[in-house]
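Novice: Everything in the sequence shown is counted per this note's numbering, starting at 1 for the first residue and increasing by one.
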Amino acid sequence: MKKMICFLMLLASITGIAFAQNNTTKTDKTFELPPNHAHRRFFIDLDKGNKMQIEVSAMEDLKPFLKMDSVIRVFLKDLEPLKDSLGDELLSRLIDYIADSSGRKKIRIQQFKPKGSSFLVQDGEVASLKLEQDTINFIGTVSIIAKYTLRKAFTTSRTYRISFYVNNLSDLVSYTDGRLNQKMQVLQDHVNNTWVTTAKKSEAYLKEDPSIKARLPKGYVAGGNYLNIRFSVDVQNYKNYFVPSFSLGAGLIISKSFFKRDIVLSWDPNFFFSKDSAGSLKTYRNDFLTLTWGQGLIRDNEPRKESHLLFIMSLGYLVHRSGNYFDKNTFRMGAGRLSLFEGKTKIEPAMYFNHFFKGVTPGLRLIQSF
Numbered sequence: 001m002k003k004m005i006c007f008l009m010l011l012a013s014i015t016g017i018a019f020a021q022n023n024t025t026k027t028d029k030t031f032e033l034p035p036n037h038a039h040r041r042f043f044i045d046l047d048k049g050n051k052m053q054i055e056v057s058a059m060e061d062l063k064p065f066l067k068m069d070s071v072i073r074v075f076l077k078d079l080e081p082l083k084d085s086l087g088d089e090l091l092s093r094l095i096d097y098i099a100d101s102s103g104r105k106k107i108r109i110q111q112f113k114p115k116g117s118s119f120l121v122q123d124g125e126v127a128s129l130k131l132e133q134d135t136i137n138f139i140g141t142v143s144i145i146a147k148y149t150l151r152k153a154f155t156t157s158r159t160y161r162i163s164f165y166v167n168n169l170s171d172l173v174s175y176t177d178g179r180l181n182q183k184m185q186v187l188q189d190h191v192n193n194t195w196v197t198t199a200k201k202s203e204a205y206l207k208e209d210p211s212i213k214a215r216l217p218k219g220y221v222a223g224g225n226y227l228n229i230r231f232s233v234d235v236q237n238y239k240n241y242f243v244p245s246f247s248l249g250a251g252l253i254i255s256k257s258f259f260k261r262d263i264v265l266s267w268d269p270n271f272f273f274s275k276d277s278a279g280s281l282k283t284y285r286n287d288f289l290t291l292t293w294g295q296g297l298i299r300d301n302e303p304r305k306e307s308h309l310l311f312i313m314s315l316g317y318l319v320h321r322s323g324n325y326f327d328k329n330t331f332r333m334g335a336g337r338l339s340l341f342e343g344k345t346k347i348e349p350a351m352y353f354n355h356f357f358k359g360v361t362p363g364l365r366l367i368q369s370f
């Protein structure tokens, strides 16, 4: 058992090590958003090769940007006193702009020099050439009331980021003519309408406005790989025994687009109770090492969220035996699960056997995860 616990603790420590080695600065915490913060991402093609990117958790978060021209005007006005900090126009610039609910503004300006010099030669005239675009990020949060089944509503927040990729910062002025207001309104009104997929891989555009594009229809952002810890309290029947147990393991989620695969390696101790010849109650622990494999559709664009898996199967092997409840070399195989209460409670039919399907005993397993 000690070896098993040490193995699981080693797996669990992987994420801890990652956090311990993360040298995030206070500046990064202020201006950088967490990975996978956006549930929806859109791109809008502008003129001259300029683009606009929209990253939100929910479509209602677009409301502050339905008057995008006003947002840009306020930004340019706030940037006016900082013109000396913008440096040479030939440098590529990254500007992060945060406006909080109290009206305070936070601005970060980063400049990047090109690796070499580029020039345009025409009619004997030589001019310096800027090849890298400027990036302007509008970053903020939206306060919401979160409501979940079997949980009391609570206040939390969602983040958003609106980004412009422009040839030059001065190009932003030309987008205060109201055209972006119209595009944002079209996106909000028609996001759930028809999206046209193209021959180009991972691209679709909105039928009402082909300049509005996304990686997937409706702008959904899904996918990514995640390592997490799984814990559940279980109970099952085995022959004429009522057997409580728990499960502690490491899970790996591999997801792409709308589909995910879920792999879990867990330690499952089962407990039997009986009285010895002296009448004292004794506990017998029998440990299974279990591998679970499942795959199915992603729910609500969140791979880590419990969802209905189209296929799931588990296979456990008895690695520690106590008492005469299980035969040596016993396996436990489960196939399919009935999910209740948003997947937190599951019922799994199981089958116990040893060697090559000898001594087969059916069972039913109730799994309560947290």
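Glycine is no exception: its CB is placed at the ideal position from the N, C-alpha and C atoms.
#1: Could you give the C-beta distance for M313 and G334, rounded to a whole number, given that I count them as a contact under 8 Å?
#2: For the region 168-187 and the region 46-63, state whether three or more C-beta atom pairs, one from each stretch, are separated by less than 8 Å.
#3: What residues match up with Y238 in a beta bridge as DSSP calls it?
#4: Would you check if the distance between the CB atom of K106 and the CB atom of F31 is smaller than 9 Å?
#5: Less than 8 Å between the CB atoms is what I'm expecting for P303 and G224, so what's the real figure, rounded?
#6: Taking N193 as the reference, give the member of A99, R215, G87, G219 with the closest Cα.
#7: Please report the distance separating the alpha-carbon of F356 from that of Y317.
#8: Going along the chain, which residues of its own chain have a beta-carbon closer than 7 Å to the beta-carbon of K83, five neighbours each way excluded?
#9: Does the region 150-170 come close enough to the region 49-59 to have 3 or more Cβ pairs within less than 8 Å?
#10: Go ahead and label V74 buried or exposed: buried means 16 or more other beta carbons lie within 10 angstroms of its beta carbon, across all protein chains shown.
#11: Any idea which residues DSSP pairs N228 with across the strands?
#12: Could you name each continuous beta strand (DSSP E) segment of 3 residues or more that falls completely within the region 128-196, going from the start of the chain to the end?
#13: Could you spell out where the alpha helix (DSSP H) holding S70 opens and where it closes?
#14: My guess is that I72 and N137 are in contact by the Cβ rule of under 8 Å, so how many angstroms apart are they, rounded?
#15: So which of G140, L76, S70, P81 has the shortest CA-CA distance to S102?
#16: Counting only the same chain and skipping the five closest in sequence on each side, list residues whose C-beta sits under 8 Å from that of Y284.
#17: Comparing C-alpha positions only, which one of S211, Y97, P362 sits nearest to M351?
#18: Measure the alpha-carbon distance for R161 versus E342 and round it to whole angstroms.
#19: For V264 versus L289, is the C-beta distance shorter than 9 Å?
#20: Give every residue of the same chain whose Cβ lies closer than 6 Å to the Cβ of Y238, excluding the five residues on either side of it in the sequence, and list them in chain order.
#21: Using the Cα positions of G259 and Y241, report the straight-line distance between them to the nearest angstrom.
Specialist: The short version:
#1: 7 Å
#2: yes
#3: Y241
#4: yes
#5: 6 Å
#6: G219
#7: 13 Å
#8: none
#9: yes
#10: exposed
#11: G251
#12: 134-146, 154-166
#13: 68-79
#14: No, I72 and N137 are not in contact; Cβ-Cβ is about 13 Å, not under 8 Å.
#15: G140
#16: F271, F272, F273, S274, S322, G323, Y325
#17: P362
#18: 30 Å
#19: no
#20: G363
#21: It should be noted that the sequence gives Phe, not Gly, for residue 259. Approximately 38 Å between the Cα atoms of the pair.
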